[in-house]
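Residues in the sequence shown are numbered from 60 upward in steps of one, following the numbering used here.
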Amino acid sequence: MAGNTQQAKATTTPTPRVRKKAKKLVSDGIAHIQASFNNTVVTITDAQGNAIAWTSAASCGYRGSRKSTPYAAGEAATKAAQMAIENYGMKNVQVRVRGPGPGRESAVRALHAAGLKIISIADVTGIPFNGCRDPKKRRV
Numbered sequence: 060m061a062g063n064t065q066q067a068k069a070t071t072t073p074t075p076r077v078r079k080k081a082k083k084l085v086s087d088g089i090a091h092i093q094a095s096f097n098n099t100v101v102t103i104t105d106a107q108g109n110a111i112a113w114t115s116a117a118s119c120g121y122r123g124s125r126k127s128t129p130y131a132a133g134e135a136a137t138k139a140a141q142m143a144i145e146n147y148g149m150k151n152v153q154v155r156v157r158g159p160g161p162g163r164e165s166a167v168r169a170l171h172a173a174g175l176k177i178i179s180i181a182d183v184t185g186i187p188f189n190g191c192r193d194p195k196k197r198r199v
């Protein structure tokens, strides 16, 4: 028995070296601001709609009722703009605002203050053609 023992050879194939994908430079983009009553989400995309950077008031660390403040929306927009500028060299942006939330205006101002040149601002809030029933009114 001792003569038949073979040692298992560990055959490892060399792994191919993976090249890092070069970051493409995107100078013009679109900033989508989704402002609900509870949160504000800022997504910056290229001209084709591929997401480059996104943040929300919640991802910036705000919880509960603080998420729905204009300050939190401005901070989220600033963070998204900085990511787009640093990683992709973005300079110009079209702004598309959706929703009735309190962070609409402050998010647009924060994008401008972060160094992005705003080309146009469009309100793309959906208007129902008598679709779903509205939620019942609050009784305080």
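Every residue gets a Cβ at the ideal spot worked out from N, C-alpha and C, and that includes glycine.
Please read all numbers here as calculations on a predicted model, not as lab measurements.
Annotation note: the segment 132-176 contains the following uninterrupted alpha helix (DSSP H) runs of length 4 or greater, listed N- to C-terminal: 163-172. For S124, the three-state secondary structure derived from DSSP is helix. Distance from the CA atom of H91 to the CA atom of C191, rounded to whole angstroms, is 24 Å. Taking 8 Å as the upper bound for CB-CB distance, G158 and A94 are in contact here, some 4 Å apart. Sequence-distant partners of A173 (beyond 5 residues in either direction) whose C-beta falls short of 8 Å from its own C-beta, in its chain, are A136, T137, A140, Q141, I144. By the criterion of a C-beta distance shorter than 7 Å, N98 is surrounded in its chain by S115, A116, A117, K126, S127, once the five residues flanking it on both sides are discounted.
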